[in-house]
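J.: So the sequence shown is numbered by the numbering used here: it starts at -15 and just counts up by one.
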Amino acid sequence: MDLGQEYSTISSSSNNQSPSQVSSNGSTSSHVQSPSQPKRRAGRKKFRETRHPIYRGVRQRNGGKWVCEVREPYKKSRIWLGTFSCPEMAAWAHDVAALAMRGRAATLNFPDSAWLLPQAESSLPKDIQRAAAKVADVFRNIKSSSIIEMSKFTSSNRISEHEPETEHHVFLDDEELFNMPGLLANMAEGLLIPPPGMQNEFNWDEVGCHMDLSLWSEE
């Protein structure tokens, strides 16, 4: 066989190969990437989406429930603290765990309310979970007491609004205002006569009570 016939045989055999056969040949094929969606970034995407914008360690689940979990210091493991009906209770549970694990160096959601929180017996997860479970009872007591105080305040305001305004009568004492005893004494001194005696508890409304004042002496 000459060179021309050999070249024609090789070219015809390459044209007769199917695309799958060509791709299976490692020397002449290349991997084709399928048009799929880009890979999602690693991490807890759901955790980031439902994380509370203010409180630490609090995130929301479906159904309006709030859960709390904290990471143990120097570990990758987390301590589950439970499910709560409102984010404030979950935030308090976080504070209980933070105080048990970090003490005074803990970053709290409610620093001013730390003295109200139940204290864990130790930093073990079971003791922290037991103390965090008591947060619901403390929160209910505070909430109920605040509701009672608010109802008392509202009822007192309603009573004060419906109370009629009482008229304030001011008594004006003329004798004290004009110093009547001193005024009569000065008048008598100017007329060179002894000052008249003033009766104690004199009542001008009594008709029978009268006093004759003699300003000029009869010669």
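Just so it is clear, CB atoms sit at the ideal spot from N, CA and C, and this is done for glycine as well.
Treat the numbers as computed from the prediction; the structure is a model and nothing was measured.
Spatial neighbours of residue 67 within its chain, please: CB distance less than 6 Å, with the 5 preceding and 5 following residues excluded, ordered by chain position.
T.: Here residue 67 refers to the residue found at position 83 of the sequence shown. Answer for residue 67: 49, 51, listed in chain order.
J.: How would you label residue 79, buried or exposed, when you count the other beta carbons within 10 angstroms and need 16 or more for buried?
T.: Against the sequence shown, residue 79 aligns to sequence position 95. Classification of residue 79: buried, given that the 10 Å Cβ count is 16 or more.
J.: Hey, out of 94, 124, 46, 64, whose CA is closest to residue 54's CA?
T.: Looking up residue 54 in the sequence shown gives position 70. The candidate whose alpha carbon is nearest that of residue 54 is 64.
J.: Taking 7 Å as the threshold (C-beta atoms), are residue 61 and residue 84 in contact?
T.: Position 100 of the sequence shown, counting from 1, holds the residue named residue 84. Position 77 of the sequence shown, counting from 1, holds the residue named residue 61. No, these two residues do not count as a Cβ contact at 7 Å.
J.: Does DSSP put residue 94 in a helix, a strand or coil?
T.: Translated into positions along the sequence shown, residue 94 becomes position 110. It is coil, neither helix nor strand.
J.: Anyone know if the C-beta pair for residue 125 and residue 39 falls short of 7 Å?
T.: Here residue 125 is taken as the residue at index 141 of the sequence shown, counted from 1. Here residue 39 is taken as the residue at index 55 of the sequence shown, counted from 1. Contact flag unset, no.
J.: For residue 46, which residues from the same chain have a beta carbon less than 8 Å from its beta carbon, with the 5 sequence-adjacent residues on both sides left out?
T.: On the sequence shown, residue 46 is found 62 positions in, with the first residue counted as 1. Closer than 8 Å at Cβ, skipping near neighbours: no residue.
J.: Determine the extent of the beta strand (DSSP E) in which residue 64 is found, giving its start and end residues.
T.: As a working note, residue 64 is residue 80 in the sequence shown. Where residue 64 is concerned, the enclosing beta strand (DSSP E) stretches over 62 to 68.
J.: Can you give the Cα-Cα distance for residue 119 and residue 34, rounded to whole angstroms?
T.: The residue you call residue 119 lines up with position 135 of the sequence shown. The residue you call residue 34 lines up with position 50 of the sequence shown. If you take the alpha carbons of residue 119 and residue 34, they lie about 22 Å apart.
J.: Note the first and the last residue of the continuous beta strand (DSSP E) segment covering residue 72.
T.: In the sequence shown, residue 72 corresponds to position 88, counting from 1. Residue 72 -> not in any beta strand (DSSP E); alpha helix (DSSP H) instead, spanning 71 to 86.
J.: Need the endpoints of the beta strand (DSSP E) that residue 44 sits in, please.
T.: Position 60 of the sequence shown holds residue 44. Unbroken beta strand (DSSP E) run through residue 44: 42 to 44.
J.: Closest to residue 100 by CA distance: which of 109, 122, 75, 58 is it?
T.: Locating residue 100 in the sequence shown gives position 116, counting from the first residue. Ranking 109, 122, 75, 58 by Cα distance to residue 100 puts 122 first.
J.: Report the rounded CA-to-CA distance for residue 69 versus residue 90, giving the unit in angstroms.
T.: As a first step, residue 69 must be located in the sequence shown, where it is residue number 85. As a first step, residue 90 must be located in the sequence shown, where it is residue number 106. Cα to Cα, the separation comes out at about 24 Å.
J.: Compare the beta carbon distance of residue 82 and residue 102 with 7 Å and say whether it is the shorter of the two.
T.: Numbered from 1 along the sequence shown, position 98 holds the residue referred to as residue 82. Numbered from 1 along the sequence shown, position 118 holds the residue referred to as residue 102. Result no, Cβ atoms of residue 82 and residue 102 do not sit closer than 7 Å.
J.: Whole angstroms is fine: what's the gap from residue 72's alpha carbon to residue 36's?
T.: As a first step, residue 72 must be located in the sequence shown, where it is residue number 88. As a first step, residue 36 must be located in the sequence shown, where it is residue number 52. About 10 Å.
J.: Please report how far the alpha carbon of residue 98 lies from the alpha carbon of residue 110, in whole angstroms.
T.: Sequence index remark: in the sequence shown, residue 98 carries index 114 (1-based). Sequence index remark: in the sequence shown, residue 110 carries index 126 (1-based). The alpha-carbon atoms of residue 98 and residue 110 are separated by roughly 20 Å.
J.: Which same chain residues, not among the five before or five after residue 104, have their C-beta less than 6 Å away from its C-beta?
T.: Here the question's residue 104 lines up with position 120 in the sequence shown. Excluding sequence neighbours, residue 104 sits near 84, 111, 112, 115.
J.: Give me whichever residues DSSP pairs with residue 35 in a beta bridge.
T.: Stepping through the sequence shown from its first residue, residue 35 is reached at position 51. Beta-bridge pairing links residue 35 to 43.
J.: Whole angstroms are fine: how far does the CA of residue 75 sit from the CA of residue 41?
T.: Here residue 41 is taken as the residue at index 57 of the sequence shown, counted from 1. Here residue 75 is taken as the residue at index 91 of the sequence shown, counted from 1. One Cα belongs to residue 41, the other to residue 75, and the distance between them is close to 7 Å.
J.: Would you tell me roughly how many angstroms separate the C-alpha atoms of residue 117 and residue 86, rounded to the nearest one?
T.: Position 133 of the sequence shown, counted from the first residue, corresponds to residue 117. Position 102 of the sequence shown, counted from the first residue, corresponds to residue 86. Spanning the two alpha carbons is a distance of roughly 19 Å.
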